[in-house]
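Following: one structure in C-alpha cells, then a few remarks.
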Amino acid sequence: MGLRTRIQMSTTVLLIVLLVIANTSIYLIFKHNSIESEQNRLVNTASNIIEELNTNKQSTIEQVLHSYLITDGMIRIVNHKNNPIYRTTTDNAYKEIKSIFRNDQYQDVVTYMGSKFIIVSIPIIDEKGNIISLQIIENVDAIFSNFDELKGVLVLASVVVITMLFIAGWILGGIISRPVQRLISTMKTIEENESYEQIAITESRKDELIQLAMSFNRMIAKLEKSYLTQEQFVSDASHELKTPLTVILSYVKLLKRWGIERPEVKLEAINAIESESVRMKYLTEQLLQLASAEKLTDSEKERANIVPLIDKTIKRIQPMYKNNIQFISRSAELYVNIHEQSFTQLLIILLDNANKYSSDIIKLTLIEEKDILKIRVEDKGIGIPEEEQPYIFDRMYRVDKTRNRKTGGTGLGLAIAKRISEQHGGYIMLESTEKIGSIFLVILPRSEV
Numbered sequence: 001m002g003l004r005t006r007i008q009m010s011t012t013v014l015l016i017v018l019l020v021i022a023n024t025s026i027y028l029i030f031k032h033n034s035i036e037s038e039q040n041r042l043v044n045t046a047s048n049i050i051e052e053l054n055t056n057k058q059s060t061i062e063q064v065l066h067s068y069l070i071t072d073g074m075i076r077i078v079n080h081k082n083n084p085i086y087r088t089t090t091d092n093a094y095k096e097i098k099s100i101f102r103n104d105q106y107q108d109v110v111t112y113m114g115s116k117f118i119i120v121s122i123p124i125i126d127e128k129g130n131i132i133s134l135q136i137i138e139n140v141d142a143i144f145s146n147f148d149e150l151k152g153v154l155v156l157a158s159v160v161v162i163t164m165l166f167i168a169g170w171i172l173g174g175i176i177s178r179p180v181q182r183l184i185s186t187m188k189t190i191e192e193n194e195s196y197e198q199i200a201i202t203e204s205r206k207d208e209l210i211q212l213a214m215s216f217n218r219m220i221a222k223l224e225k226s227y228l229t230q231e232q233f234v235s236d237a238s239h240e241l242k243t244p245l246t247v248i249l250s251y252v253k254l255l256k257r258w259g260i261e262r263p264e265v266k267l268e269a270i271n272a273i274e275s276e277s278v279r280m281k282y283l284t285e286q287l288l289q290l291a292s293a294e295k296l297t298d299s300e301k302e303r304a305n306i307v308p309l310i311d312k313t314i315k316r317i318q319p320m321y322k323n324n325i326q327f328i329s330r331s332a333e334l335y336v337n338i339h340e341q342s343f344t345q346l347l348i349i350l351l352d353n354a355n356k357y358s359s360d361i362i363k364l365t366l367i368e369e370k371d372i373l374k375i376r377v378e379d380k381g382i383g384i385p386e387e388e389q390p391y392i393f394d395r396m397y398r399v400d401k402t403r404n405r406k407t408g409g410t411g412l413g414l415a416i417a418k419r420i421s422e423q424h425g426g427y428i429m430l431e432s433t434e435k436i437g438s439i440f441l442v443i444l445p446r447s448e449v
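Residue numbers (the UniProt record's numbering): 1 to 449.
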C-alpha cells in the first residue's frame with residue numbers, strides 16, 4: 001500500500017470513528033435530554049394536580065383530572081390492586097394500557113401497540129388514608145419521530161462528510177506524497193544512471209517534506225562534490241606518481257643500454273632514480289598524512305600549552321630553513337585541546353610553505369582573544385594571485401603548475417593543514433597580495449581550565 005493510499009485510508013477511518021462517536025453522543029444526549037425534559041414537565045403537571053386536589057374542594061376528582069388532560073394521553077388514579085379508580089383520556093384505546101401500582105415515584109418509557117409512551121407515577125394519600133397512585137401517560141411518538149429524523153440527518157451528514165474527506169484525503173495524500181515520490185524517482189535515477197541528479201523544488205512552502213527534499217539535494221551536492229574531489233584527487237595522485245615512475249623507467253632503460261660502458265651515464269641515472277624515489281616517498285607520506293588527518297578524533301586530543309610546543313618545533317626546523325623564523329607570543333601559557341603530532345605537522349606545513357616562497361624573515365604570532373586563539377604565519381614572499389586563492393586549500397592544487405619540481409611540493413600540504421585545523425574545531429584563512437606576501441591565519445577554540 002502506497003503512502004498516498006495509507007494517508008487516505010488512515011484519515012478516512014479516523015474520521016469515521018470520530019463521526020460515529022460524535023454522532024452517537026449527539027443522538028444519545030439529545031434523546032436523553034428530550035425525554036428527561038418531557039418527564040419533568042409531566043412531573044410538574046402531576047404536582048399541580050395533587051395541589052389542586054388538596055385545595056379545590058368544589059370540583060370533583062374527574063373535573064380536576066380533566067382540566068389537566070394533556071393533548072395526547074391519559075391521566076388516571078390507580079389503587080393498590082392495580083385497578084383504575086378515576087380516568088380521563090384523549091383516546092379510549094389508551095385505557096387498555098396495563099395499570100401498575102407503585103408506592104414510590106417513578107418515570108418510564110413503554111411501548112404499547114407500536115407507540116411510545118412516557119409514564120409518570122406519583123403516590124398520594126386519599127381521604128381514607130390509603131395510598132393510591134396518580135399516573136400521567138403521554139404519547140411521545142412525535143418526539144421519537146424527531147429522534148429518527150435526527151438519526152437520518154446525522155447519517156446523511158456523515159456520508160457527505162466522509163465522501164468529501166475521502167476526496168480531500170486523496171488530494172492531500174497526493175500533495176504530501178509528491179515530494180516523496182520525486183525523491184524515490186530521483187534516487188532510482190541516481191541508482192540506474194550513477195548520476196547526482198537533484199530534486200526539482202517548485203513549491204514555495206517550507207514544510208517538513210520540502211525540507212526533506214532540500215536536505216536530500218544538499219546531501220547529493222556534497223556527495224557529488226566529494227566524488228569529484230576524490231576523482232580529481234585519484235587522477236592527480238596517479239599523475240604525480242606516474243611522472244617519477246616514468247623517469248625511473250627511462251633511466252633504468254638507459255642503464256641497461258649505456259650504464260656499463262659509460263660511467264657518467266650510470267651516475268646520472270642513479271642520482272635521478274634516487275631523486276625520483278625520494279619524491280615518490282614524500283608524496284606517499286603526504287597522502288598518508290592526509291588520510292590520518294581525516295581520521296583524527298576528539299579522544300586522541302589532550303589539553304596542552306602550545307607556546308613551548310611551537311618554540312620547540314621552530315628550534316627543530318630552523319637549521320633546515322634559509323629564512324629566520326620569529327616567534328611572537330605575549331603569554332607563556334596558552335592552552336588548546338590538540339593532537340600534538342597533528343598540531344606540529346600543521347605548524348611545519350605553514351612554516352615550510354612560507355620558507356619556500358619567501359626570501360625574508362618569517363613571523364609566527366600568537367594572538368589571544370576571549371574564546372579563540374589565532375596562529376598567524378606571515379611571509380614576505382611572492383604572494384598568491386587573487387583568482388587562485390579560493391582553491392589554495394584544495395587537494396593537489398598548485399598555484400604555479402610548473403614550479404613543483406623546483407620547490408618539491410605536491411599540492412597536498414595546505415589541504416592537510418586545512419583538515420587538521422577543522423579536526424581541532426577551527427579553520428584556516430588566507431590573506432595574500434602578489435609580490436608583497438601571504439598571511440595564513442589558523443583560528444582555534446581555546447581550552448577551558
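Note that beta-carbon positions come from the ideal geometry of N, C-alpha and C, so glycine has one too.
Skipping 5 residues on each side, what residues in its chain have a beta carbon closer than 7 Å to that of residue i?
| i | result |
| --- | --- |
| Ile137 | Gly73, Met74, Tyr94, Ile97, Phe117, Ile119 |
| Val449 | Because the pLDDT of Val449 is 44, which lies under 50, any placement of that residue in the model is unreliable, and the question is left without a value. |
| Val247 | Ala272, Glu276 |
| Ser158 | Leu19, Asn23 |
| Met214 | Ile201 |
| Leu254 | Val265, Ala269 |
| Ala46 | Val120, Ile122, Leu134, Ile136 |
First and last residue of the beta strand (DSSP E) that includes residue i?
| i | result |
| --- | --- |
| Asp379 | 372 to 379 |
| Arg303 | 302 to 305 |
| Phe134 | Note that residue 134 is Leu in the sequence shown here, rather than Phe. Here the beta strand (DSSP E) through Leu134 covers 131 to 139. |
| Gln326 | 325 to 328 |
| Ile367 | 362 to 368 |
| residue 453 | No answer is possible for residue 453: it lies beyond the span of the chain, which begins at 1 and ends at 449. |
| Arg87 | 84 to 89 |
Between the options, which lies nearest to residue i when the distance is taken from Cα to Cα?
| i | options | result |
| --- | --- | --- |
| Gly152 | Ile26, Ser359, Tyr397, Tyr321 | Ile26 |
| Ile314 | Thr5, Ile349, Ser299, Lys281 | Ile349 |
| Lys370 | Ile328, Arg446, Gln389 | Arg446 |
| Leu347 | Ser59, Glu191, Val377, Ile372 | Val377 |
| Tyr112 | Val140, Arg41, Asp126 | Val140 |
| Gln423 | Asn355, Ile338, Glu388 | Ile338 |
| Lys312 | Ile61, Gln39, Ile325 | Ile325 |
| Gly174 | Gly425, Arg6, Leu287 | Arg6 |
| Glu300 | Phe30, Ala213, Glu340 | Glu340 |
| Tyr68 | Asn92, Glu333, Arg41, Val160 | Arg41 |
| Gln105 | Pro123, Ile61, Gly129, Ile50 | Pro123 |
| Gly114 | Thr163, Leu267, Ala142 | Ala142 |
| Ala200 | Glu191, Asn193, Gln211 | Gln211 |
| Lys363 | Lys242, Pro179, Asn323 | Asn323 |
| Phe147 | Asn33, Ser10, Tyr321 | Asn33 |
Please state the DSSP three-state secondary structure of residue i.
| i | result |
| --- | --- |
| Leu441 | strand |
| Phe117 | strand |
| Asn220 | Per the sequence shown, the amino acid found at residue 220 is Ile instead of Asn. In the structure shown, Ile220 sits in a helix (DSSP, three-state: H, G or I). |
| Gln63 | helix |
| Tyr397 | coil |
| Gln107 | strand |
| Tyr391 | helix |
| Ile420 | helix |
| Asn40 | helix |
| Ile21 | helix |
| Tyr335 | strand |
| Tyr68 | coil |
| Ile100 | coil |
| Ile436 | coil |
| Tyr112 | strand |
Please return the same chain residues whose Cβ sits closer than 6 Å to the Cβ of residue i, not counting the five positions on each side in sequence.
| i | result |
| --- | --- |
| His80 | Phe101 |
| Tyr196 | Ile220, Glu224 |
| Arg76 | Pro84, Arg87, Gln135 |
| Leu444 | Val336, Leu373, His424, Gly426 |
| Asp126 | Ile132 |
| Ile418 | Here residue 418 is Lys; the residue named in the question, Ile, does not match the sequence. Contacts found: Phe393, Ile428. |
| Ser359 | none |
How far does the alpha helix (DSSP H) with residue i in it reach, from first residue to last?
| i | result |
| --- | --- |
| Met429 | First-last for Met429: 427 to 433, but that is the beta strand (DSSP E), not the alpha helix (DSSP H). |
| Ile348 | 340 to 356 |
| Gly383 | That residue, Gly383, is in no alpha helix (DSSP H); it is neither H nor E in DSSP. |
| Gly411 | Here Gly411 belongs to no alpha helix (DSSP H), and DSSP marks it neither H nor E. |
Counting only the same chain and skipping the five closest in sequence on each side, list residues whose C-beta sits under 8 Å from that of residue i.
| i | result |
| --- | --- |
| Ser331 | Val307, Leu366, Glu368 |
| Ile436 | Lys380, Gly383 |
| Thr344 | Leu309, Thr313 |
Answer with buried or exposed for residue i, where buried requires no fewer than 16 other C-beta atoms within 10 angstroms of its C-beta.
| i | result |
| --- | --- |
| Leu65 | buried |
| Arg316 | exposed |
| Asp379 | buried |
| Lys256 | exposed |
| Gln63 | exposed |
| Val442 | buried |
| Arg279 | buried |
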